[in-house]
Amino acid sequence: MIVTKSYEDSCQRAAELIEAAVLANPQAKLGLATGGTPLPIYRRLIEDCKAGKISFAKVRTVNLDEYCGLNGSNTQSYRWFMDHNLFNEIDIDKTNTYVPSGLGDLAANCREVDKKVRENGVPELQLLGIGNNGHIGFNEAADLLHTETHIEQLTESTIAANARFFDKSEDVPTQAITMGLSSILAAKSIVLVATGAAKAAAIRGLLCNDEVTTQNPSTFLKLHPNATIIIDAALATAAGYEN
Ligand code: GLP
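Following my numbering, the numbering of the sequence shown begins with 8 at its first residue and continues without gaps.
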């Protein structure tokens with residue numbers, strides 16, 4: 008648990024943890040996330056790679072999730088996001104990057120994600136953001152959660168939150184392929200970064216008690232032996248977290 012002065016500092020800390028994993032094992036497998044939160048983290052990785060401080064030449068990556076129905080050349084797809092916000096700007100071999108596919112045979116795609124997570128070792132580190140309702144990946148708050156990769160029906164609140172990236176809210180896909188809880192928790196270490204008052208209730212559930220509930224999927228991170236939650240002081244206050 009790390010409380011920083013600012014979101015910028017949180018991103019710096021997360022980038023340092025990712026780089027430490029890569030320095031310790033240049034062939035590390037990294038689990039990566041999309042959304043607004045990780046963008047400054049990726050910018051730091053790009054800067055450090057361009058400055059020659061770190062190389063991703065042998066790194067392998069696997070992403071958490073992808074919208075159903077969008078192909079990788081669609082600017083709203085998570086493949087496009089990863090290519091343009093990270094992969095195209097660092098020295099990674101693109102053939103070693105994996106983003107789930109939300110097109111075609113979805114059942115086969117789900118099985119492929121779980122294979123990618125586990126083949127030749129599980130991720131050294133899984134980076135996570137968090138949804139307003141506590142979702143991780145696209146595992147929505149619900150009575151029942153899934154352990155393995157599956158197709159998720161997105162909630163109205165998630166569709167509304169993600170609408171900011173689309174021209175029209177009707178354009179936001181209503182389904183996504185996402186790693187399940189055990190696929191996420193399989194990583195050797197987890198780094199979750201959160202900022203903003205909208206995340207306060209979810210963070211309160213994650214940090215302020217010892218309860219695990221499917222109504223806040225992030226609470227399952229309490230079962231992981233090496234999960235680091237990084238939030239800024241403003242969010243800690245909003246969530247009622249006392250350091
Ligand atoms: C989406 C992604 C999540 C992400 C969440 C929060 O639902 N599937 O991986 O954590 O959005 O996004 P943001 O960081 O933009 O708040």
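Idealized CB from N, CA, C, for every residue including glycine.
Using 8 angstroms for Cβ pairs, my map puts residue i next to residue j. What's the rounded Cβ distance?
| i | j | result |
| --- | --- | --- |
| A148 | G141 | 6 angstroms |
| I97 | L52 | 6 angstroms |
| L135 | V198 | 7 angstroms |
| I99 | A209 | That pair is no contact at about 31 angstroms. |
| K12 | A243 | With 8 angstroms as the limit, K12 and A243 do not qualify as a contact, their Cβ atoms being about 11 angstroms apart. |
| A170 | S176 | 4 angstroms |
| L214 | Y248 | 5 angstroms |
| A21 | V200 | 5 angstroms |
According to DSSP, which residues form a beta bridge with residue i?
| i | result |
| --- | --- |
| L37 | T68 and L132 |
| V200 | I237 |
| T11 | D239 |
| A183 | Y74 and E159 |
| T44 | Paired residues: none, contrary to the question. |
| N146 | I143 |
| N223 | T220 |
Note down the Cα distance separating residue i from residue j, rounded to an integer number of angstroms.
| i | j | result |
| --- | --- | --- |
| T181 | L161 | 5 angstroms |
| L93 | K101 | 11 angstroms |
| A27 | R50 | 16 angstroms |
| N223 | G38 | 21 angstroms |
| A115 | N233 | 30 angstroms |
| Y105 | C56 | 20 angstroms |
| E159 | H153 | 9 angstroms |
| P130 | D178 | 33 angstroms |
| G109 | K60 | 35 angstroms |
| F145 | I166 | 11 angstroms |
| T226 | S80 | 34 angstroms |
| V29 | G111 | 33 angstroms |
| N216 | P107 | 33 angstroms |
| F172 | S196 | 29 angstroms |
| E262 | L228 | Missing from the structure shown is residue 262; the chain here goes from 8 to 250 and no further. |
| A64 | N70 | 17 angstroms |
| I48 | K206 | 18 angstroms |
| G128 | T68 | 12 angstroms |
| T221 | L151 | 6 angstroms |
| M186 | E126 | 15 angstroms |
| D90 | V66 | 15 angstroms |
| S84 | I25 | 24 angstroms |
| M16 | D72 | In the sequence as displayed, the identity of residue 16 is Asp instead of Met. One C-alpha to the other measures close to 26 angstroms. |
| I238 | G203 | 9 angstroms |
Consult DSSP for residue i and reduce its assignment to one of helix, strand or coil.
| i | result |
| --- | --- |
| H254 | Since the displayed the chain opens at 8 and closes at 250, residue 254 lies outside it and no answer follows. |
| A246 | helix |
| N216 | coil |
| T102 | helix |
| N32 | coil |
| T210 | With the sequence shown as reference, residue 210 is identified as Ile, and Thr is not the correct amino acid for it. Three-state DSSP puts I210 in a helix. |
| L52 | helix |
| F173 | coil |
| K60 | coil |
| E126 | coil |
| N81 | coil |
| D178 | helix |
| S108 | coil |
| H231 | coil |
| A205 | helix |
| I97 | coil |
| I137 | coil |
| A21 | helix |
| A194 | coil |
| L188 | helix |
Using a threshold of 7 angstroms, is the CB atom of residue i nearer than that to any non-hydrogen atom of the ligand FAD?
| i | result |
| --- | --- |
| N169 | Absence of the ligand FAD from the depicted structure is noted, with the ligand GLP being the only ligands included. |
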